[in-house]
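Enquirer: Residue numbering for the sequence shown is 0 to 243, as defined by numbering that gives the first Met the number 0.
In this text, a Cβ means the ideal position worked out from N, Cα and C, and glycines have one as well.
Once you've had a glance at the structure underneath, I'll fire off some questions.
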Amino acid sequence: MVVTALRTAARWALDFALPPRCAGCGTIVGEVHSFCPDCWRQIEFLGDSGCSTCGLPLQGTEATSCAACLARPPRIARTRAAVVYDELSRGLAMRLKYGRKVAIARTMARYMAPLVARGDNPVLVPVPLHRTRLWQRGFNQSALVAREISRRLGIAADPFLIRRTKRTPPLKGMSPLQRRKAVAGAFNVPDRSAVEGRTIILVDDVLTTGSTAEACARTLKRAGAARIELVSWARVVRPTHLMR
Ligand SMILES: [Zn+2]
Ligand SMILES: [Zn+2]
0 MVVTALRTAA RWALDFALPP RCAGCGTIVG EVHSFCPDCW RQIEFLGDSG
50 CSTCGLPLQG TEATSCAACL ARPPRIARTR AAVVYDELSR GLAMRLKYGR
100 KVAIARTMAR YMAPLVARGD NPVLVPVPLH RTRLWQRGFN QSALVAREIS
150 RRLGIAADPF LIRRTKRTPP LKGMSPLQRR KAVAGAFNVP DRSAVEGRTI
200 ILVDDVLTTG STAEACARTL KRAGAARIEL VSWARVVRPT HLMR
């Protein structure tokens with residue numbers, strides 16, 4: 000425990016002592032938690048545009064919500080991602096996941112925080128890892144990001160509000176239906192009173208099909224949550240999303 004604490008402290012000290020570097024390529028930049036001009040040009044920011052519910056690009060005929068959300072309102076009332084998932088944003092997510100770079104979590108939080116709706120006394124909840132995964136890795140990358148967003152906005156973050164009780168296989172390569180089945184019943188809420196009537200903002204690093212977040216949302220709704228939102232760093236936007 001002491002060694003881990005010291006190591007964390009040393010890493011923090013290092014983060015502050017070194018000149019700020021571009022989170023994309025490592026070039027020295029003038030401002031902390033920013034990108035160099037080259038990476039900046041490459042990043043596709045999603046921001047607050049698109050469908051007011053799912054955040055995906057709208058078609059010309061759609062006003063504020065897309066046809067799919069109008070026809071079948073999703074459990075997650077508002078989904079936002081900072082950037083499109085590509086080589087660069089994936090690189091950041093990987094370095095956060097396997098390197099515990101607090102500086103990377105801060106950079107992500109900088110671009111995710113403006114997308115968080117702050118009404119209704121919300122609580123930020125990172126998508127949980129199973130405890131064996133947590134032991135292997137030593138930390139939950141989404142919890143690091145949630146903590147940094149919490150710091151920026153002054154709203155609560157609680158990584159223990161929902162637990163992952165079932166180990167799920169890697170979802171990569173699975174169809175949406177297979178993914179939904181794989182994550183069904185994977186989560187539970189240990190203390191319903193912490194959830195009842197609250198607005199919960201799920202925090203994730205990468206949003207692919209959304210089946211994991213959707214399973215979290217289902218569990219939280221069942222436990223009495225009033226509203227579920229989701230903010231992620233990067234989101235897979237397929238060509239079909241752009242020409243539905
Ligand atoms: Zn760069
Ligand atoms: Zn939509």
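#1: Does R105 come out as helix, strand or coil in the three-state DSSP assignment?
#2: Please report the distance separating the alpha-carbon of L176 from that of P19.
#3: Pull up the DSSP beta-bridge partners for P125, would you.
#4: Taking the beta carbon of R77 as the centre, do at least 16 other beta carbons fall within 10 Å, making it buried, or is it exposed?
#5: May I ask whether a heavy atom of ligand 1 can be found less than 7 Å away from the beta carbon of F34?
#6: Which residue marks the beginning of the beta strand (DSSP E) containing R77, and which one marks its end?
#7: With hydrogens ignored, establish whether the beta-carbon of S231 is closer than 7 Å to any heavy atom of ligand 2.
#8: Tell me, please, which residues DSSP counts as bridged to E228.
#9: What I want to know is whether the C-beta of G153 ends up closer than 7 Å to one or more non-hydrogen atoms of ligand 1.
#10: Exposed or buried, what is S231 when buried is set at 16 or more other beta-carbons lying within 10 Å of its beta-carbon?
#11: Tell me the DSSP secondary structure of A214 in three-state form.
#12: Apart from the five residues just before and just after A216, which ones in its own chain have a Cβ nearer than 6 Å to its Cβ?
#13: Report yes or no: do three or more beta-carbon pairs, one from the stretch 118 to 131 and one from the stretch 161 to 168, lie closer than 8 Å?
#14: Looking only at its chain, what residues have a beta carbon closer than 8 Å to the beta carbon of A104, apart from the 5 residues adjacent to it on each side?
#15: What number of angstroms, rounded off, separates the C-alpha of K171 from the C-alpha of A181?
#16: Let me check you understand the geometry: is the CB of T106 closer than 7 Å to at least one non-hydrogen atom of ligand 1?
#17: May I ask you to verify whether the stretch 152 to 160 touches the stretch 115 to 122, counting CB pairs closer than 8 Å and requiring at least 3?
#18: Check this for me: beta carbons of S51 and T60, under 8 Å apart or not?
#19: Count Cβ pairs between the stretch 81 to 92 and the stretch 30 to 44 that sit closer than 8 Å; are there 3 or more?
#20: Residues bridged to R234 by DSSP?
Expert: The relevant details are as follows:
#1: As a working note, residue 105 is residue 106 in the sequence shown. Helix, per DSSP.
#2: Numbered from its first residue, the sequence shown carries residue 176 at position 177. Numbered from its first residue, the sequence shown carries residue 19 at position 20. For L176 and P19, the distance between alpha carbons rounds to 43 Å.
#3: Here residue 125 is taken as the residue at index 126 of the sequence shown, counted from 1. Looking at the DSSP assignment, P125 forms a beta bridge with V202.
#4: The residue given as residue 77 occupies position 78 in the sequence shown. Answer is buried; the Cβ neighbour count reaches 16.
#5: Taking the first residue of the sequence shown as 1, we reach residue 34 at position 35. For ligand 1, at least one heavy atom lies less than 7 Å from the Cβ of F34.
#6: In the sequence shown, the residue the question calls residue 77 occupies position 78. R77 to V83 is the span of the beta strand (DSSP E), which, as asked, contains R77.
#7: The residue given as residue 231 occupies position 232 in the sequence shown. Not so, every heavy atom of ligand 2 lies at least 7 Å from the Cβ.
#8: As a working note, residue 228 is residue 229 in the sequence shown. R77 and I200.
#9: Working through the sequence shown from its first residue, we reach residue 153 at position 154. No, Cβ of G153 sits at least 7 Å from all heavy atoms of ligand 1.
#10: Position 232 of the sequence shown holds residue 231. By the 10 Å Cβ count, S231 comes out buried.
#11: Indexing the sequence shown from 1 puts residue 214 at position 215. The answer is helix: DSSP assigns A214 an H, G or I state.
#12: Start at 1 with the first residue of the sequence shown, and residue 216 comes out as number 217. Within the same chain, A216 has close Cβ partners R74, I75 and I227.
#13: yes
#14: Taking the first residue of the sequence shown as 1, we reach residue 104 at position 105. So the qualifying residues of the chain are L95, Q140, L143, V144, R146 and E147.
#15: Within the sequence shown, numbered from 1, the residue matching residue 171 stands at position 172. Within the sequence shown, numbered from 1, the residue matching residue 181 stands at position 182. In a straight line, the C-alpha of K171 is about 11 Å away from that of A181.
#16: Along the sequence shown, one-based indexing puts residue 106 at 107. For ligand 1, not one heavy atom lies less than 7 Å from the Cβ of T106.
#17: yes
#18: Within the sequence shown, residue 51 is the residue found at index 52, counting from 1. Within the sequence shown, residue 60 is the residue found at index 61, counting from 1. It is not a contact, given that the beta carbons lie outside the stated cut-off.
#19: yes
#20: As a first step, residue 234 is located in the sequence shown; it is residue number 235 there, counting from the start. Per DSSP, V83 and L206.
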